[in-house]
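Below is one structure, written out as structure tokens, with a few remarks after it.
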Amino acid sequence: MKIAVISDIHENFHNLVLCFNKIEEQPVEHILCLGDLMNNGVAKMLAYCGTPVTAVWGNNDGDRVAITKTALGEGSQLSVGFTTYDIVKLGGRRLFLTHYPMLAKPMAKSGEFDAVFYGHNHKKSIEKINDCLVMNPGEISAHKIGIASFAFYDTDDNSAEIVLLDDQVSVKTDLAVEYRKKLGIRLGTSKSHQY
């Protein structure tokens, strides 16, 4: 069974469509999303992309009520739980999905899973811990590392391949951060004119 693994979309609709185009070229039967969809628009794209999607929450997922309503909507193929991790069985493999890297290695070392997938830090990687595949597919958004990527996972041989997206665009936040600094606006303060 071939599975696509995506993470850290961060509202980059352009790169998500590029990812879907690549997925359509393969016999993908399921998509795993490791969090940071960001909004309900992305959830709708996942829900109705034509392939079943299992997602976990990330630290930047906004309106969880709206995203959950989309997942529960008629014809939706999106399944999203209540936490930042999930355990699924696909293609005869037991898989641990999480948004957070800090859970990946302990779960891999537990011996309970064939593969562990994580996101959050946007750094694509594939490694083996004992017989467990541990993978971060990188970022769809390309706003942190600057390279949009996702992965294909094959349950037949418990292997993965990271795929880079051609014609990607980066939704950089650096310009906005610099502008806020110029204006003296800081995040996380309660003073007026600051957010």
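Letter by letter, the sequence shown follows residues 515 to 709 in the numbering used here.
Even for Gly, the Cβ is constructed at its ideal location relative to N, Cα and C.
In this text, all values refer to a predicted model and were calculated from it rather than measured experimentally.
Could you check if residue i is buried or exposed, using at least 16 other CB atoms within 10 Å of its CB as the buried criterion?
i	result
S521	buried
Q682	buried
C533	buried
V579	exposed
D550	buried
E588	exposed
With respect to 8 angstroms, is the separation between the Cβ of residue i and the closest non-hydrogen atom of the ligand PLP below this value?
i	result
M515	Annotation note on the ligand PLP: not contained in the displayed structure, which lists no ligands.
Where does residue i fall in DSSP's three states?
i	result
F610	strand
K623	helix
H528	helix
E538	helix
A656	coil
I581	helix
Could you check whether residue j and residue i sit closer than 9 angstroms to each other, using their CB atoms as the reference points?
i	j	result
L548	H613	yes
S663	L678	yes
F666	A518	yes
A674	I643	no
P651	G625	no
By the DSSP assignment, the beta strand (DSSP E) with residue i in it spans what residues?
i	result
V542	542 to 547
M515	No beta strand (DSSP E) contains M515, which DSSP labels as neither H nor E.
Can you tell me which of the options puts its alpha carbon nearest to the alpha carbon of residue i?
i	options	result
V630	I654, I581, V602	V602
T597	R608, I659, T582	T582
N574	G606, F627, I523	I523
G660	E641, D680, M649, I643	D680
M515	L546, M616, A585	L546
N635	M649, H544, L586, E539	M649
Considering just the uninterrupted stretch of the alpha helix (DSSP H) at residue i, what are its terminal residues?
i	result
K642	Counting along the chain, K642 falls outside any alpha helix (DSSP H), though it belongs to the beta strand (DSSP E) covering 639 to 643.
V556	554 to 561
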